[in-house]
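In terms of our numbering, the sequence shown opens at residue 138 and continues consecutively. These notes concern the structure reproduced below.
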Amino acid sequence: MTNILELLKNEKVEWQKLKDILISINTGLNPRKNFVLNDRGRILTSWYITTKDYSQNEKIEFIEGKTAKITEEARKIINQRSKLEKGDLLFSAVGTVGKVALVEIEPDNFDVNESTFILKPNNSIVDSKYLMYYLRGNTFQNILSSNLKGSTLSGIRKGDLECFEIPIPSPETQEKIVEILDKLTNYVTELQSELQSELQLRTKQYTYYRDKLLSEDYLNKITKEMEEDRRLRVEKLENICEFKRGKRLVKNELQEEGDFPVYQNSITPLGYYHEKNFDKDTTFIISAGAAGEIVYSDRDFWAADDVYVLLTREVIMSRYLYYCLMSKQYIIQSKVRKTSIPRLSKDDIEKIIIPLPSLSLQNKIVKILDKFQILLADTKGLLPEEIEKRQKQYEYYREKLLTFDIECSSTHIISNVYYNILQEAAGIVGVDIEDKVEWKRISDFCKRQKGINITAKQMKELTTEDGDVKVFAGGNTVAYLYQEIVGRENIVDKPSVIVKSRGTIDFEYFDKIFTHKNEMWSYSISDKNNIKYLYYYMKTNIEYFRSRAISGKLPQISTGVTDNYKIPLPPLHVQQHIVNILDKFDTLVNDIKEGLPKEIEQRQKQYEYWREQLLSFNL
């Protein structure tokens with residue numbers, strides 16, 4: 138592949154009017170007398186796309202119930218005017234002007250409205266995606282904004298749009314720019330996905346610990362360990378709280394701003410009022426509308442008549458009560474009557490059982506759960522912030538890569554500064570970046586699989602020559618059983634590393650359907666990491682695992698020994714390269730085992746040497 142820096146040396150960039158780099162500019166068609174949107178009396182097979190159907194990253198979205206639909210006949214009528222094709226650009230001409238989407242698939246089941254310009258690039262001059270990125274850039278968008286017409290509804294005229302000038306480098310340069318910007322786009326998208334996954338994990342972690350801390354078993358245990366009174370009380374909600382209903386306010390009594398939020402039938406304040414009827418540090422439940430939703434208020438507030446306010450007695454903290462109710466929300470929600478307006482009665486919730494440790498322990502639990510809440514809030518807060526930072530980074534390089542300074546002529550020589558920016562951007566997104574080795578615990582990238590509860594006697598009795606599931610035990614002991622006997626839930630059908638955790642500690646790679654005794658475990662990988670690479674690395678370091686075995690009648694290791702073991706993970710292709718080499722060595726070793734013992738010994742040493750070299754990554 139030609140280096141981008143070589144391509145750009147002394148390259149001329151020509152500025153051309155938009156109309157000169159397009160085959161045509163067309164528009165779609167509005168309904169009027171031509172067709173009907175969402176016609177219930179007809180078979181609707183096609184989508185009718187408007188600006189609102191562009192996603193945040195300006196991709197065309199087809200959403201059932203949101204995107205309008207038309208008949209195939211209507212689509213053909215529109216297409217007589219639009220002549221929409223794959224590779225065309227959709228450009229919003231009215232309202233939110235300048236949104237650009239690329240037609241990435243054959244438009245055989247959708248078309249567009251009259252407020253959309255269809256730009257059909259001349260691909261011998263300009264790449265569709267290059268033009269798309271340029272039109273989305275701030276340089277073009279700023280020029281566009283200054284040329285909009287209309288007072289109530291802004292728009293851009295076709296004649297004005299056609300005259301905008303576009304910088305056109307060589308096709309090779311356009312291609313490279315598109316490659317980098319595609320990577321930058323994915324860079325942002327991947328970050329968002331990663332942060333969303335992290336948020337989900339944090340939420341699951343929080344929910345797990347919340348429910349664990351509030352379970353009767355845990356509270357009994359911790360109470361015995363930490364409190365003088367080691368008994369745990371449980372009480373019905375009605376015995377530890379006084380239920381109070383609020384008072385409805387009329388609409389004209391509400392304010393948009395004020396000291397005291399007013400709660401009616403939602404966890405979102407209906408408005409604000411100049412008085413309060415309940416103090417802060419109070420838990421309440423919505424009884425109508427968003428029935429079953431639980432709220433803790435840390436400020437004074439006004440409760441309306443669709444709110445049950447729970448005034449706690451001296452045996453329970455209100456904040457602790459809130460967390461208890463949150464852990465039982467699924468029970469509360471199940472009692473909501475699904476009418477035109479969902480409702481929840483006091484009788485339905487006052488019998489709920491609440492565990493009551495001492496106030497001291499309640500306070501400790503609240504502090505822990507509050508900390509979880511803060512961590513979650515921080516994650517949620519950082520998520521859009523971090524995405525925004527990444528988005529700004531993307532926009533910065535997009536503008537740098539699509540900005541060609543000109544003086545008085547329409548062409549110029551690209552400067553060295555531009556080369557540096559291009560190289561910098563490419564490095565960030567990995568277009569020409571060096572591969573790095575990451576160190577991860579096995580549990581961070583592997584799924585640990587349990588085995589089957591089966592005895593050695595049963596394995597011996599049930600094994601059969603035509604059994605289709607291989608069952609591993611310690612050492613070299615195996616059996617072959619039918620799937621019906623093993624049970625579908627106990628079968629592993631992914632290539633895996635089997636951990637022989639007792640006796641002679643060892644590992645085995647297996648890529649057919651199997652299971653193993655439940656005293657053992659195995660690992661599989663669902664992501665990009667190579668499971669056989671993992672096997673080789675663990676096999677290479679087998680003495681470490683054997684040194685971690687607990688001595689007894691039979692040496693044995695725990696799951697933590699393997700779960701927490703760190704593995705160096707180069708990129709997939711490097712892993713695969715190593716696996717290919719080691720597989721070949723393995724084949725060579727096995728082939729010569731039938732003869733030539735001396736050669737076997739030499740090959741074995743050679744194999745072990747290279748295995749060690751290939752799997753040694755200097756930190």
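Here a beta-carbon is modelled for each residue, glycine too, at the ideal position from N, C-alpha and C. Quick caveat, the model's predicted, so the values are computed rather than measured.
Looking only at DSSP bridge pairs, what is residue i linked to?
i, result
"E645", "I635"
"T449", "C378"
"L226", "L239, L256"
"E119", "A question about residue 119 goes unanswered here, because the residues of the chain that appear run from 138 up to 756."
"E440", "In the sequence as presented, Glu is not what sits at residue 440; that position holds Ala. The partner list for A440 (beta bridge, DSSP) reads Y400."
"H653", "F609"
"T420", "Y433, L447"
"S161", "K257"
"V231", "G292"
"L166", "Its beta-bridge partners do not exist; DSSP assigns none."
"L618", "V606"
"G178", "In the DSSP output, where bridge partners are listed per residue, G178 has none listed."
"E575", "L706"
"S661", "K584"
"G408", "V399"
Can you check which of these residues, the options, is closest to residue i by C-alpha distance?
i, options, result
"N250", "A610, E302, Y617, R169", "R169"
"V636", "I687, S695, V606", "S695"
"E621", "L448, F651, S252", "F651"
"T699", "Q712, K690, G689, S684", "S684"
"G395", "G232, E309, L407", "L407"
"L290", "N175, K631, M596, A230", "A230"
"K488", "Q311, T310, L374", "L374"
"C583", "I505, Y672, G292, N389", "Y672"
"Y457", "Q712, D442, L493, L281", "L493"
"F199", "Y433, N323, N246", "N246"
"I262", "L272, Y433, I160, L318", "I160"
"K320", "N279, G287, Y270", "Y270"
"K253", "N279, E241, S265, R294", "A quick correction: the sequence has Thr, not Lys, at residue 253. Out of N279, E241, S265, R294, R294 has the C-alpha closest to the C-alpha of T253."
"R450", "C378, K213, K475, T600", "C378"
"K577", "P705, I478, I280", "P705"
"S688", "G604, K594, G640, F415", "G640"
"T592", "G604, M657, F421", "M657"
"D264", "P306, S471, Q470", "P306"
"W184", "K220, N613, N259, D248", "D248"
"L498", "Q712, D484, V452, E372", "V452"
So, for residue i: in the same chain, excluding its five sequence neighbours on each side, which residues have a beta-carbon less than 7 Å away from its beta-carbon?
i, result
"A427", "N402, S403, I404"
"E783", "Because the chain here runs from 138 to 756, residue 783 falls outside it and cannot be looked at."
"S546", "Its pLDDT being 39, under 50, S546 is placed unreliably in this model, and the value from its coordinates should be taken loosely. Counting only Cβ-Cβ distances below 7 Å, and skipping sequence neighbours, we find nothing."
"Y267", "Q311, I314, V315"
"T465", "Residue 465 is actually Lys in this sequence, not Thr. Once the five neighbours on either side are set aside, the close Cβ partners of K465 are I489."
"V615", "K607, V608, F609"
Taking 6 Å as the cut-off, is the C-beta of residue i nearer than that to any heavy atom in the ligand ATP?
i, result
"Q401", "This structure does not include the ligand ATP; it has no bound ligands of any sort."
Beta-carbon within less than 6 Å of residue i's beta-carbon, same chain only, minus the 5 sequence neighbours each way: which residues are those?
i, result
"G301", "For the sequence presented, residue 301 should be read as Phe rather than Gly. Within the same chain, F301 has close Cβ partners L155."
"D542", "Bear in mind that a pLDDT of 49 at D542, under 50, signals an unreliable position, so the model cannot answer this."
"R385", "A441, D442"
"S580", "D700"
"L272", "V237"
"K388", "none"
Between residue i and residue j, is the Cβ-Cβ spacing less than 7 Å?
i, j, result
"W439", "V399", "yes"
"L239", "I162", "no"
"V150", "P304", "yes"
"L166", "I215", "yes"
"K654", "A610", "yes"
"P632", "D643", "no"
"C702", "K669", "With the sequence shown as reference, residue 702 is identified as Tyr, and Cys is not the correct amino acid for it. No. Outside cutoff."
"Y433", "Y409", "no"
"V623", "V606", "yes"
"R585", "Y674", "no"
"S424", "L506", "no"
"L174", "G235", "no"
"N667", "V716", "yes"
Looking at the secondary structure, which residues open and close the alpha helix (DSSP H) in which residue i lies?
i, result
"R370", "No alpha helix (DSSP H) holds R370; the beta strand (DSSP E) holding it covers 370–373."
"R273", "265–273"
"E680", "679–684"
"D248", "Run containing D248: none in the alpha helix (DSSP H); it sits in the beta strand (DSSP E), 247–249."
"G640", "It is not in any alpha helix (DSSP H) - G640 carries neither H nor E in the DSSP assignment."
Indicate whether at least one CB of chain C lies closer than 7 Å to the CB of residue i.
i, result
"F651", "Absence of chain C from the displayed structure is noted, only one protein chain being present."
Got a sec, what are the start and stop residues for the beta strand (DSSP E) residue i sits in?
i, result
"V608", "606–609"
"S471", "S471 -> not in any beta strand (DSSP E); alpha helix (DSSP H) instead, spanning 466–471."
"R585", "584–586"
"I628", "Run containing I628: none; DSSP gives neither H nor E here."
Keeping to the same chain, check which residues put their C-beta closer than 8 Å to that of residue i; ignore five residues upstream and five downstream.
i, result
"L391", "V399, L407, G408, Y409, Y410"
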